[in-house]
Amino acid sequence: ATVMLCGWRAAGAKLRWDVSVRGLRSMTTLPEQQQPQEPHRPGPSWMKNSGRERLVVLGSGWAAYRIIRDIDIEKYDLTVVSPRNHFLFTPLLPSTTVGTLEFRGIIEPIRTARSRLNYVQFSCTEIDEEKQQIFCESFYDHGETKIKENIKLRYDKLVIAVGAQSGTFGVEGVEDHCYFLKQLSDARLIRNRILECFERASSPRVSDEKKRQILSFAVVGGGPTSIEFAASLHDFCAKDVVKWYPELYPFVSITVVEAGPKVLSAFEDSLSQYCQKQYKKQNIEIRTNISVKKVNEDSMELSDGSILPFGCGVWSAGNTPVPLLTSLPFEKQGGRLVVDEYLRVGGRTNIFSAGDCCVVKDNVLPPTAQVAEQQGKTIAKNLNSSSISPSVVPPMRRFKFHYRGMFAYTGEFSALLDSPFGTTKGFISWLLYVGTYLTKLVSIRNKIMIPMYWFKSFVFGRDISKF
Ligand SMILES: Cc1cc2nc3c(=O)[nH]c(=O)nc-3n(C[C@H](O)[C@H](O)[C@H](O)COP(=O)(O)OP(=O)(O)OC[C@H]3O[C@@H](n4cnc5c(N)ncnc54)[C@H](O)[C@@H]3O)c2cc1C
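Just so we're aligned: the sequence shown equals residues 1 to 467 in our numbering.
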C-alpha cells in the first residue's frame, strides 16, 4: 500500500509496518519529526472567540460519554478526541459475536450525543502541561492509502478517559493467534472466525480429528466477558448450529481456562458455583487453576503440561494501560493514573481522569462501566459548578461510588445478578438483565432495535452469513 504523510510530520519520516497474521496492525514513524508551528484552536467557527473555557475530553467510552452528555455547553467549548467515533455499550458486546444482536444496535455516534460538540478522530499521544496543549495523531483510511495526520490542541481543562486495552501479560503468541473482545471490530472478527470454522469443518476433505480441532473454542479468562461470550456461543451452537450444521454439532467443544480457583470471582460464591453447574449441563468445560503458557497457531500450551487445541481462541484475561499513560509524568498505580477524591490528576485543578485508566487513591475500584460512568458524572458536576475566576472556589463534590449490582449472562435465558439487595439467578435474573439494559441503552433507536433483534434471533435464529 502506498502511504501519504500529511501535516507537520511529513518531513523525512520513514514508515515501518508491523504485519501479523491478522493483517496490518500498526504503522509507526521512525526518525525525529518536525514540530507543528501553531496549535489548533479546536472547533468549528461558532467556537472561535466564544470566550468560553476550552474543555477537551480524551475518549468516547463510558466515562467520557457521561461527561459529554452532562456538561454545561453554555459554559464550555467541548472538544472530544478519540480514535473511536462512537460510544460502545460493552455489556451487550458478547451477544454480537454470534449474531444474537447486530453491531449497530449497541453503539451511539459521538457526534449525535448532543448539539454544539466538536469531535476529532485522533488519538492523544502526549500532553504538554506547561503550555496546556495536547499532541494527537490519526491514520485516515483513503482507499488503498493511509493518511497520517498530527495536530495540537489547546485546553483550559482536560479530562483523560482513555480506558484500558486487553492485556496479554507477556504470554507468547496471544497477539498473533487469539482474538480480543474489547471493541466492536473485535466482535466482528470473532463472528466471522466462528462462521469460518464451521464452513471449513464442513469441507469433505477435513478429517474427524481436524474437525474436532477446528470446532474447539478456547476462551481464556474467567471474568464476566469470557463467561458471557462462552454462554452466547453455546446458545448459537445449541440453536443454530444444530439446525444448519447438524453433522458438525457433536464435534463442537467450548473450554474456559481460568488461572484462579474459580470463575466470576467478583460475584458471590453461590453464583460462581451456579455458573459452574450450569456450564456443566451445557457441556462447557471450565478449567480453573490453570494458566496459558504459550499460544501456537492452533493450540495452547497450559501450565499443567496439557495442550488445548483450538480453531478459535478468545483472550479476555484482563486489562493493561493504553500507550498514552506510559508517557504521562503523573503518579501511577499498576500503570493507571492516581487521582484524588475529586478525580484530579496529580493534584492539578485543570486535569481530571475517570474510568479504567485511573485509580482513586486509597479506594481501588474494579474497572467497570458503572464506576466509569459515575466518575464521569462527578467530573461533569464539578466542572459545571466551577468558576472561571480563580478567586472564587465553589465547593467540589467528592467522588463516592454507589454499587448498583452486576449481571452475567449464563446462557439459555438465564443470568446471575449480584446486587446490594441480594443475589438471584436463572430466568428471573435474565428478565431483570434484559429490562435493566433496555433502560440503560442510550438512544430511543437502540431501545427499539435491541428487542427486535432479540425477537428475530428467538423466532428465526441467528444469521450465519459470513462477509
Ligand atoms: C465485552 C465487555 C463486557 C463488559 N461488560 C460490563 C458489564 O456488564 N458491566 C460493567 O460495569 N462493565 C462491563 N465491562 C467493563 C466496561 O466496559 C469498562 O469498565 C468501561 O468501558 C470503562 O469505561 P472507560 O470510559 O474508562 O473506557 P472505555 O469505555 O474503554 O473507553 C475508552 C475510550 O478511550 C479512547 N481512547 C483510547 N486511547 C485514546 C487516546 N490515546 N486518545 C484519545 N482517546 C483514546 C477509546 O477509543 C475509547 O473510546 C465490559 C467490558 C467488556 C470489554
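For glycine and all other residues, C-beta sits at the position ideal for the given N, C-alpha and C.
The structure presented is a predicted model; accordingly, all values stated were derived computationally and were not measured.
Exercise for review: Mind the definition here: the region 212-230 touches the region 252-264 only if three or more C-beta pairs lie below 8 Å; say whether that holds.
Suggested key: A contact exists between the region 212-230 and the region 252-264.
Practice item. Given a cut-off of 7 Å, decide if Trp62 and Phe474 are closer than it, judged by their beta-carbon atoms. Key: Any question about residue 474 goes unanswered here, given that the chain covers just 1 to 467.
Exercise for review: Use the C-beta contact count for Ser203: other C-beta atoms within 10 angstroms, 16 or more gives buried, fewer gives exposed.
Suggested key: Around the C-beta of Ser203, fewer than 16 other C-beta atoms lie within 10 Å, and the residue is accordingly described as exposed.
Review point. Does ligand 1 have a heavy atom nearer than 6 Å to the CB of Arg398?
Key: It does not: the Cβ of Arg398 is nowhere closer than 6 Å to a heavy atom of ligand 1.
Review point. Apart from the five residues on each side of it in sequence, which residues of its chain come closer than 6 Å, Cβ to Cβ, to Val398?
Key: According to the sequence shown, residue 398 is Arg rather than Val. Excluding positions up to five away in sequence, the list reads Glu341.
Check your understanding: For Ala218 versus Gly313, is the C-beta distance shorter than 7 Å?
Key -> Cβ distance < 7 Å, so Ala218 and Gly313 count as in contact.
Point to revise | Simplified DSSP assignment, three categories, for Met449 | key: Helix.
Check your understanding: Which of helix, strand or coil does DSSP assign to His177?
Key -> Residue state, collapsed to three classes: helix.
**Study point:** Cα-Cα separation between Ser429 and Gly51, rounded to whole angstroms
**Key:** Whole-angstrom Cα-Cα distance: 51 Å.
Exercise for review: Could you please give the first and the last residue of the uninterrupted alpha helix (DSSP H) stretch that includes Glu53?
Suggested key: Boundaries for Glu53: no alpha helix (DSSP H) harbours it, while the beta strand (DSSP E) harbouring it runs 53-58, taken from the DSSP string.
Exercise for review: Label Pro395 either buried or exposed according to how many other C-beta atoms from any shown protein chain fall within 10 Å of its C-beta, with 16 as the threshold for buried.
Suggested key: Looking at its Cβ environment, which holds fewer than 16 other Cβ atoms inside 10 Å, Pro395 is exposed.
Review point. Can His177 and Val295 be called in contact, C-beta distance under 7 Å?
Key: Yes, Cβ-Cβ distance for His177 and Val295 is below 7 Å.
Check your understanding: Between which two residues does the alpha helix (DSSP H) containing Gly438 stretch?
Key -> Inspection of the sequence shows that residue 438 is occupied by Leu rather than by Gly. Taken as a continuous stretch (DSSP letters only), the alpha helix (DSSP H) holding Leu438 covers 427-440.
Review point. Would the C-beta of Lys70 count as close to ligand 1, meaning under 6 Å from any of its heavy atoms?
Key: Per the sequence presented here, residue 70 reads as Asp, with Lys not at that position. Between ligand 1 and Asp70, a heavy atom-to-CB distance of less than 6 Å is absent.
Point to revise | Ser82: CB within 6 Å of a non-hydrogen atom of ligand 1 | key: For Ser82, the CB falls within less than 6 Å of some heavy atom of ligand 1.
Point to revise | Assigned secondary structure, Val459 (DSSP; H/G/I helix, E/B strand, else coil) | key: Here Val459 sits in helix by DSSP.
Exercise for review: Indicate the three-state DSSP secondary structure (helix, strand or coil) for Glu268 in the structure shown.
Suggested key: Correct three-state label for Glu268: coil.
Practice item. Go to Phe236, then tell me how far its beta strand (DSSP E) extends in each direction, as first and last residue. Key: First-last for Phe236: 224-236, but that is the alpha helix (DSSP H), not the beta strand (DSSP E).
Point to revise | Spatial distance of Leu343 from Gln375 (CA atoms) | key: C-alpha separation (whole angstroms): 8 Å.
Review point. Hey, is Leu324 close to ligand 1, as in C-beta under 6 Å from one of its heavy atoms?
Key: Yes; taking the cut-off as 6 Å, the Cβ of Leu324 has a heavy atom of ligand 1 nearer than that.
Point to revise | Cβ-based neighbour list, Thr320, same chain, cut-off 8 Å, excluding 5 preceding and 5 following | key: Ala164, Gln165, Ser166, Gly167, Thr168, Phe169, Gly335, listed in sequence order.
Exercise for review: Figure out for me which residue from Thr96, Lys381, Glu130, Lys210 has the closest Cα to the Cα of Pro329.
Suggested key: Ranked by how close their Cα comes to the Cα of Pro329, the residues Thr96, Lys381, Glu130, Lys210 have Glu130 in first place.
Check your understanding: Residue ranges of each alpha helix (DSSP H) run of no fewer than 4 residues wholly in the region 112-193, ordered along the chain?
Key -> Runs found: 174-177.
Exercise for review: Could you check what DSSP says for Ser465 in three-state terms: helix, strand or coil?
Suggested key: Reduced to three states, the DSSP call for Ser465 is coil.
**Study point:** Helix, strand or coil at Gln333 according to DSSP, with G and I counted as helix
**Key:** Reduced to three states, the DSSP call for Gln333 is strand.
Check your understanding: Is any heavy atom of ligand 1 found at a distance shorter than 6 Å from the C-beta of Asp340?
Key -> Asp340 Cβ: outside cutoff for every heavy atom of ligand 1.
Practice item. Check whether the Cβ atoms of Val162 and Gly59 sit closer than 7 Å, and answer yes or no. Key: Cβ distance < 7 Å, so Val162 and Gly59 count as in contact.
**Study point:** Other residues of its chain near Arg462: CB distance less than 7 Å, five sequence neighbours each side excluded
**Key:** Here Arg462 has Val98, Gly99, Thr100, Phe236, Asp240 as same chain residues with Cβ atoms under 7 Å from its own Cβ, once five neighbours each way along the sequence are excluded.
Check your understanding: Mind checking whether the beta-carbon of Ala231 lies closer than 6 Å to any heavy atom of ligand 1?
Key -> Outside the cutoff, so no.
Exercise for review: State the CB to CB distance for the pair Thr96 and Ile110, rounded to an integer number of angstroms; the pair is presumed to be in contact (CB under 8 Å).
Suggested key: So it is not a contact: roughly 19 Å between Cβ atoms.
Exercise for review: Determine, using beta carbons only, whether Leu215 comes closer than 7 Å to chain D.
Suggested key: In the displayed structure, chain D is absent; only one protein chain is listed.
Practice item. State the start and end residues of the unbroken beta strand (DSSP E) segment that holds Glu285. Key: Start and end: 284-287.
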